Amino acid sequence: MADAITPRGEDYSKWYIDVVLTAKLADYSPVRGCMIIRPNGYQLWENMQRVLDGMFKETGHENAYFPLFIPESFLAREAEHVEGFAKECAVVTHSRLRVSEDGTGLEPDPDSRLEENLVVRPTSETIIWDSYRKWIQSWRDLPIKINQWANVVRWEMRTRLFLRTMEFLWQEGHTAHATEQEAVDETLLILDLYARFVEDYMAIPVIKGIKTESERFAGAVDTYCIEALMQDGKALQAGTSHFLGQNFAKAFDCTFQNQDNELEHVWATSWGVSTRLIGALVMTHSDDHGLVLPPRLAPTQVVLVPIFRKEEEKSLVLDAADKVRRELSERGIAVRLDDREGQRPGWKFTEHEVQGVPVRLAIGPRDVQNGTVELARRDTRTKETVAADGVVDHVAKTLEDIQQSLFDRAAEFRSEHTTTVDSYDEFKDTLESKGGFVLAHWDGTAETEARIKNETKATIRCLPLQKGDEPGVDMITGKPSSQRVYFARAY
20 MADAITPRGE
30 DYSKWYIDVV
40 LTAKLADYSP
50 VRGCMIIRPN
60 GYQLWENMQR
70 VLDGMFKETG
80 HENAYFPLFI
90 PESFLAREAE
100 HVEGFAKECA
110 VVTHSRLRVS
120 EDGTGLEPDP
130 DSRLEENLVV
140 RPTSETIIWD
150 SYRKWIQSWR
160 DLPIKINQWA
170 NVVRWEMRTR
180 LFLRTMEFLW
190 QEGHTAHATE
200 QEAVDETLLI
210 LDLYARFVED
220 YMAIPVIKGI
230 KTESERFAGA
240 VDTYCIEALM
250 QDGKALQAGT
260 SHFLGQNFAK
270 AFDCTFQNQD
280 NELEHVWATS
290 WGVSTRLIGA
300 LVMTHSDDHG
310 LVLPPRLAPT
320 QVVLVPIFRK
330 EEEKSLVLDA
340 ADKVRRELSE
350 RGIAVRLDDR
360 EGQRPGWKFT
370 EHEVQGVPVR
380 LAIGPRDVQN
390 GTVELARRDT
400 RTKETVAADG
410 VVDHVAKTLE
420 DIQQSLFDRA
430 AEFRSEHTTT
440 VDSYDEFKDT
450 LESKGGFVLA
460 HWDGTAETEA
470 RIKNETKATI
480 RCLPLQKGDE
490 PGVDMITGKP
500 SSQRVYFARA
510 Y
């Protein structure tokens, strides 16, 4: 299994796909550009979903579900929105098929032509705001704080498993507020929530910032983001939270009577993260031996592999292994006893290593006799012998240590690959020789931003929210700059 994985240093892109396929996270679909999420990958997504859903509900959000199909006219109501998504929309034009006249295949039945085309959901702002228009009359109806777990379709030409596919899973939050400040506060609340989830559970350090106008969500006033750095030195946008102002409320005539009995348009936000996070997880932590998972999200945190050669040793070893399994499970640790027959222990070791199980325990006849267990860590690939009567406490401590170690390792890598530059030559040299985040002054103009992107393929990932930099001058134009911004080549 591990032999099927291309080394990172040889071909990073191929390495990534090899890990995803070999760890059985996903597979290619018969539909070009789509993917099949396999049980290993879906369990990982379920764990992410469970944590995030709890965080949303703790902050007063409720789940709902809106239709997959959106009337085409809805998208046209918000000009920036339709311009941003028009080229990615899949469109339904007919309601049924018929056998073709020559009998060789199927074709759309001309009599089933829809009166209005339907767009397969690329995002749900438009259909949700049509509903909010009906639900909101007074300030007493606000705020509305709804989240949706769903799939969306965006017609992509160049796809890669998890990172960019035509259909993907995500959550999208849509909130309505009585004041601008409430909506801005909501946007930043979610940004902090995303950052906390990615850092505390995914063990990936992130930078919080705001997007430039060219990188902003279509129809938003401001887009806030969290940016992470992958092992190949490219950035990945891990989540976004958008302050929509009153744009969608005006497009859908969503007004309310405020406390002064005046009619006013509602203030809005939207925000989301997707299965792209699984790609981020793979690229941040994994190695040439396969997947590496942070324990807090791993579907299986500990695997127990019993080892015996003789039939008379079987019950002794299995009983000892099952006792450890029960004790770990009672502690709330996700544990699996791999007692499958027909596979050698070494084969099982490799499979669980490739699939990223954080801790592996092995128990053989001699271990039972000595009252010990062999413990192997996935992150460091080191082994140690642990007393059986203290194994539960030791495993719990090891899992927390792995979680922190993965974060610290990723943070150190980001620190080593974050470079401050003052000249354009230094900027270009850093991108080519080192990659990573490059902090440089920018004059705030779209022209300079576009030139840098065209010449270097680097984009402004964000304007950092924490301003600790002295004013300076743009590295190209020499015009004044209030702060340095984060540039990087990105996924």
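Just so we're aligned, residue 20 is where the sequence shown starts under the working numbering, counting upward by one.
The C-beta atom is built at its ideal place from N, Cα and C for all residues, glycine as well.
Note that the structure is predicted; figures quoted are calculated from it, not measured.
In chain order, D357, P364, K367 and A381 place their CB closer than 6 angstroms to the CB of V324, counting only its own chain and leaving out the 5 sequence neighbours on each side. Sorting Y31, H308, R117 and E120 by C-alpha distance to the C-alpha of R397 places H308 at the top. Taking C-beta atoms under 8 angstroms as the contact rule, P377 and P318 fail to qualify, at a distance of about 11 angstroms. The Cβ-Cβ distance between W189 and S260 does not fall below 8 angstroms.
In the DSSP annotation of this structure, S233 is not part of any alpha helix (DSSP H), being labelled neither H nor E. For A195, the closest of A239, G103 and C273 by C-alpha to C-alpha distance is C273. Here DSSP, grouped into helix, strand and coil, assigns T145 to helix. In the three-state reduction of the DSSP assignment, P483 falls in the strand class. One alpha carbon belongs to L482, the other to T496, and they sit about 18 angstroms apart.
Going by C-alpha positions, A237 is about 11 angstroms away from T142. Taken through DSSP and simplified to helix, strand or coil, D46 comes out as strand. Under the three-state reduction of DSSP output, T178 falls in the coil class, being neither helix nor strand. Comparing alpha carbon positions, the residue from V240, K476 and N277 closest to Q156 is N277.
Counting every other CB atom within 10 Å of its CB across the protein chains shown gives Q200 a total below 16, marking it as exposed. In the structure shown, the three-state DSSP call for Y61 is helix. Counting along the chain, no alpha helix (DSSP H) covers W168; the unbroken beta strand (DSSP E) around it starts and ends at I163 to V172. Between A254 and A507, the C-beta spacing is below 8 angstroms.
Under the criterion of beta carbons closer than 8 angstroms, F275 and W158 qualify as touching, at roughly 6 angstroms. Taken in chain order, the complete beta strand (DSSP E) segments of 3 or more residues contained in the region 185 to 259 are 186 to 196, 226 to 229 and 241 to 248. DSSP places Q422 outside any beta strand (DSSP E); the residue lies instead in the alpha helix (DSSP H), whose first and last residues are V410 to E435.
Between I226 and the set P490, K498, S434 and E81, the nearest pair of CA atoms involves S434. At a Cβ-Cβ threshold of 8 angstroms, T178 and L94 do not count as neighbours. Counted as a single uninterrupted DSSP element, the alpha helix (DSSP H) harbouring A340 occupies residues E330 to E349. Counting C-beta pairs closer than 8 angstroms gives three or more between the region 239 to 258 and the region 206 to 222, which meets the contact rule. I297 and G60 do touch by the CB rule: their CB atoms are close to 6 angstroms apart, below 8 angstroms. For K402, the enclosing beta strand (DSSP E) stretches over residues K402 to A406. Taking the Cα of D462 as reference, the smallest distance to any Cα among R355, T231 and L63 is reached at T231.
Only exposed fits G28, as fewer than 16 other CB atoms lie within 10 angstroms of its CB.
In the DSSP assignment, the residues bridged to V392 are V405. Fewer than three beta-carbon pairs drawn from the region 158 to 168 and the region 119 to 126 are found closer than 8 angstroms, and the two stretches are therefore not classed as touching.
Non-local beta-carbon contacts of L300 in its own chain, meaning distances under 8 angstroms to residues more than five positions away in sequence, involve L63, M221, I223, L312, P313 and L316 in chain order. Each of G383, K342, T417 and T438 was checked against the Cα of D408, and the nearest Cα belongs to K342. Put simply, the backbone Cα of D386 is about 13 angstroms away from that of K333. DSSP, reduced to helix, strand and coil, places S150 within a helical segment of the structure shown. Separation of A395 and E372 (C-alpha to C-alpha, rounded to the nearest whole angstrom) is 10 angstroms.
Contact between G383 and I421 does not hold, since the beta-carbon distance rounds to 24 angstroms and is not under 8 angstroms.
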